[in-house]
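Student: This is the structure I want to talk about, given as structure tokens.
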Amino acid sequence: MTTQTDSPSAETAERRSWLREHSELGVCALLLALGVLVLTDALTMDVDIAQRGPVGPRTVPIVVGIGLLVIAALLAVDVLRGGRGQAETGEDIDLSEPADWRTVSLLAGVFLGAAGLIEPLGFPAAGALLFWGAAFALGSRRIDRDPLIAAVLSLVTYAVFNNLLGVPLPGGPLMEAL
Amino acid sequence: MDSLNSLLDGFGTALTPVNLLWAALGVLLGTAIGVLPGIGPAMAVALLLPVTYGLDPIAAFIMFAGIYYGAMFGGSTTSILLNTPGESAAVVAAMEGNPMAKSGRGAQALAAAAIGHFAGGIIGTVLLVALAPTVADLAVDIGAPDYFAIMVLAFIAVTSVLGSSRIRGLASLLIGLTIGLVGLDQMTGQQRLTFGSLQLADGIDVVIVAVGLFAIGEALWVAAHLRRSPGEAIPVGRPWLSRGDVRRTWKSWLRGPFIGFPFGAIPAGGAEIPTFLSYVTEKRLSKHKDEWGKGAIEGVAGPESAASASAAGTLVSMLTLGLPTTAVAAVMLAAFQQYGIQPGPLLFEREPELVWGLIASLFVGMVLLLALNLPLAPVWARLLRIPRPYLYAGILFFAMVGAYAVGGEVVDLVTLLVIGLIGFGMRRYGLPILPAVIGVILGPNAEQQLRRALQISDGSVSGLVNTPFAVTVYAVVALLLVWPLLRKLVVRDGAKA
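Chains A and B, in that order, are what the protein sequence lines are. Per numbering that gives the first Met the number 0: the first sequence = residues 0 to 177. Per numbering that gives the first Met the number 0: the second sequence = residues 0 to 496.
Structure follows, in structure tokens:
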């Protein structure tokens, strides 16, 4: 960790800012990993019995895998030369602030939690918890209003999909009790 | 006039009370969702896919057409009243529309936009009726090599015409193709990228990919950068136009479609380019040049009409060739596949009731859109004030409904979140979303056509280029690929001289 230089802290800071500046190289790494994964899967395929016609199930994955490796390399070159992907803008997006990772991970957590609750609790309860939790994560703190909106939205959606549109959703113990 | 008779039959389908109801519901839902800031037409259609699961295909597509046009119209309302356009196609509407709203002429701007959408939609759909059967007839004999060529064209076009970076477009396409590979190989049943998982052997449903990339990805991305104080919407009354306004705008309404329609039909990014071209044209032809930038009404009327007509143009290539040229068309193609219907030249022969019912309902939808939107504009404007936590919580909520409705599997929701995180990363690093979606939807199909073509030619690569149609398409592909190089050469020559 400690490097024998005149000002180790300045160097780590510099390296860190270089990494932040070139964080897009992470995309290259992911593309590279994906390419290796696709190629490994294609090359370890046991196709002798399955092959029909001159082009088997391997060909396209091999092409896609090689494509991923090539693109990972090209993107790396582009990034090192100073090319940057433009972050998407939009109506409610303020790019001048740094990314708010807390909100994003909270939202992902709430979503996973609600997904896990659909089967035990039923859709109306899990959906209401998802809406309330997500609104809370996004900064809404109206304890009187938020849960009410969440419950009404979830119940109405359940009724419309399950009863009107013919798309079955699990009601759970709550609906059985009602 | 064969297509005229078919169209009349189509009206017979579209005008039944039930289908009329679906069209009205589609238009209302589409507009409401399109008005909501942060939701573009592609996300609107993706989120509303599950609504149609229980419907028969005709009703579903009638509703979809309404959602599509409604969402496009809704987007322009947001631009005019809020001045922070979410989709690129609505950028132009904000350029003149927002200054108009600020100077108290919001009602006129909305009216010019609404009538522009109506005019563009009607003219565009007339062109669709006139052209689509001809294109379908021309394409009816095309075989596997031709289909493969069209799909290659779609892949190359979405990656090199759109966006600023080809490398990033290609990266996005390859991510999509990889997702499309997951599951059992359609021709041999060989497992690919399933890692022994039974869930993955079924493949990843296109709806989950679309909802994940468009809805979850967007919601998470906005959450990471949520504007602390959202822009203030300008309140507006019922839209109306004075006689002087109409005199200024009627030519713009009529010119717009002829710019929009052709661009919609080719894979060149949908409404983005034609709305801008229409803006420039109107500015050049305007007699009130001093008003431009401060709220010239022609600058709203022309581009909005072009945008609406480009949507009709999109449907020509989607219905006759199965070639999606915009994100919305890609999601609609996914919806067709859900019903086991393959859009393409044979669609007009195999499913005449569906196609002509859909086309007729476009006319119906246009009339409904105009009739509903003029009186409802103040209500739509109020939607802009929705608290952002509720808006993005709602998007997550409906994304969950949609993905769960696909198969009633909790695993699908985990897949959805993972794809949403991929969509988040793509937005952060400027990888366009559309190529990935096109890759997922067309990838498996393209592979099948490729292998079929090579089976017929017994493995000889010449089997891919043995029809004039395929050769022509590859020529276009080659042109797209070398165009940036050519342009560089031309510019260099110009600089030397």
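Built from N, CA and C at the ideal position, the CB exists for glycine as well.
Could you tell me which whole alpha helix (DSSP H) segments of length 4 or greater appear in the stretch 81-157 of chain A?
Tutor: List check, alpha helix (DSSP H) in window: 100-120 and 122-136.
Student: Are Ala295/B and Ser309/B closer than 8 Å when you measure CB to CB?
Tutor: Against a cut-off of 8 Å, the Cβ pair of Ser309/B and Ala295/B comes out as no contact.
Student: Mapping the DSSP letters down to three states, classify Gln107/B as helix, strand or coil.
Tutor: Three-state result, Gln107/B: helix.
Student: Might you give, ordered along the chain, the residues of its own chain that have their beta carbon closer than 6 Å to the beta carbon of Ser16/A, omitting 5 neighbours on each side?
Tutor: Cβ neighbours of Ser16/A beyond the five flanking positions: none.
Student: Got a sec, what are the start and stop residues for the alpha helix (DSSP H) Val78/A sits in?
Tutor: Residues Thr58 to Leu79.
Student: What does the alpha-carbon distance come out to for the pair Gly255/B and Gly429/B?
Tutor: So the alpha carbons of these two residues sit roughly 31 Å apart.
Student: Suppose you measure from the CA of Ala72/A to the CA of Ala28/A; what does that come to, to the nearest Å?
Tutor: Roughly 9 Å between the two C-alpha positions.
Student: When DSSP labels each residue in this structure, what does Arg498/B get in the three-state scheme?
Tutor: With chain B running from 0 to 496 in the structure shown, residue 498/B is simply not present.
Student: Count the other CB atoms within 10 Å of the CB of Arg451/B; is the residue buried (16 or more) or exposed (fewer)?
Tutor: By the 10 Å Cβ count, Arg451/B comes out buried.
Student: Given that a residue counts as buried once 16 or more other Cβ atoms are within 10 Å of its Cβ, and exposed if not, what is Asp184/B?
Tutor: Classification of Asp184/B: buried, given that the 10 Å Cβ count is 16 or more.
Student: Look up Gln190/B in the DSSP assignment and say whether it is helix, strand or coil.
Tutor: DSSP places Gln190/B in strand when its eight states are reduced to three.
Student: Cutting at 7 Å between CB atoms, please list the residues of its own chain near Pro195/A, excluding the five before and the five after it.
Tutor: Nothing can be reported for residue 195/A: it is not among the residues displayed for chain A, which extend from 0 to 177.
Student: Determine the direct distance from the alpha carbon of Val475/B to that of Leu484/B, and round the result to whole angstroms.
Tutor: Leu484/B and Val475/B: Cα-Cα distance of roughly 15 Å.
Student: By a C-beta neighbour count over all protein chains shown, 10 Å radius and 16 as the cutoff for buried, is Ala222/B buried or exposed?
Tutor: Its Cβ being crowded by 16 or more others within 10 Å, Ala222/B is buried.
Student: Buried or exposed for Trp355/B, please, with buried defined as at least 16 other CB atoms from any protein chain shown within 10 angstroms of its CB.
Tutor: The residue is buried, with at least 16 neighbouring Cβ atoms inside 10 Å.
Student: Which chain B residues are close to Ser139/A, counting only those with a beta carbon under 9 Å from its beta carbon?
Tutor: Residues of chain B passing the Cβ test: Pro386, Arg387, Pro388, Tyr389 and Ala392.
Student: Tell me, to the nearest whole angstrom, how far the beta carbon of Val63/A is from that of Leu176/B; I am working on the premise that it is less than 8 Å.
Tutor: 5 Å between Cβ atoms; contact.
Student: Less than 8 Å between CB atoms is the rule here; does Arg227/B satisfy it with respect to chain A?
Tutor: So, interface residue.
Student: Using the DSSP secondary-structure output, state which residues sit across from Leu225/B in a beta bridge.
Tutor: Note: Leu225/B sits in a beta bridge opposite Ile92/A.
Student: Ala223/B touches chain A at which residues, Cβ-Cβ below 8 Å?
Tutor: Chain A residues near Ala223/B: Ala98, Asp99, Trp100, Thr102 and Val103.
Student: Report the three-state DSSP secondary structure of Gly321/B (helix, strand or coil).
Tutor: Reduced to three states, the DSSP call for Gly321/B is coil.
Student: Is there contact here, the stretch 109-117 of chain B with the stretch 232-240 of chain B, by at least three beta-carbon pairs under 8 Å?
Tutor: Yes, since at least three Cβ pairs between the stretch 109-117 of chain B and the stretch 232-240 of chain B fall closer than 8 Å, the two stretches touch.
Student: Check whether the stretch 370-380 of chain B and the stretch 17-36 of chain B touch, using three or more Cβ-Cβ pairs below 8 Å as the test.
Tutor: Touching, yes, given that three or more Cβ pairs across the two stretches are closer than 8 Å.
Student: Given that a residue counts as buried once 16 or more other Cβ atoms are within 10 Å of its Cβ, and exposed if not, what is Thr133/B?
Tutor: Exposed, since its Cβ has fewer than 16 Cβ neighbours within 10 Å.
Student: Strictly under 8 Å for the Cβ-Cβ distance: is Pro377/B near chain A by that measure?
Tutor: Pro377/B does not count as touching chain A.
Student: Once DSSP output is grouped into helix, strand and coil, what is the label at Leu383/B?
Tutor: DSSP places Leu383/B in coil when its eight states are reduced to three.
Student: Residues bridged to Leu183/B by DSSP?
Tutor: The partner list for Leu183/B (beta bridge, DSSP) reads Gln190/B.
Student: Give me the Cβ distance between Leu130/B and Val327/B, rounded to the nearest whole Å; I'm assuming they're in contact under 8 Å.
Tutor: Not a contact, Cβ separation roughly 20 Å.
Student: On the three-state DSSP scale, how would you describe Gly292/B?
Tutor: Gly292/B: coil per DSSP, three-state reduction.
Student: Taking only the alpha-carbon atoms, compute the straight-line gap between Ser456/B and Ala143/B and give it to the nearest angstrom.
Tutor: Cα to Cα, Ser456/B sits roughly 11 Å from Ala143/B.
Student: Report the neighbours of Ile148/A on chain B: residues whose CB is nearer than 8 Å to its CB, in chain order.
Tutor: In chain order: Tyr389.
Student: For Phe194/B, does the count of other Cβ atoms within 10 angstroms reach 16, so buried, or fall short, so exposed?
Tutor: Counting Cβ neighbours within 10 Å, Phe194/B comes out exposed, since fewer than 16 surround it.
Student: Does Trp249/B come out as helix, strand or coil in the three-state DSSP assignment?
Tutor: The answer is helix: DSSP assigns Trp249/B an H, G or I state.
Student: Of the residues Val405/B, Gly393/B and Ala311/B, which one's Cα is nearest the Cα of Gln337/B?
Tutor: With distances taken between Cα atoms, Gln337/B lies closest to Val405/B.
Student: Around the Cβ of Asp91/A, are there at least 16 other Cβ atoms within 10 angstroms (buried) or fewer (exposed)?
Tutor: Asp91/A comes out buried.
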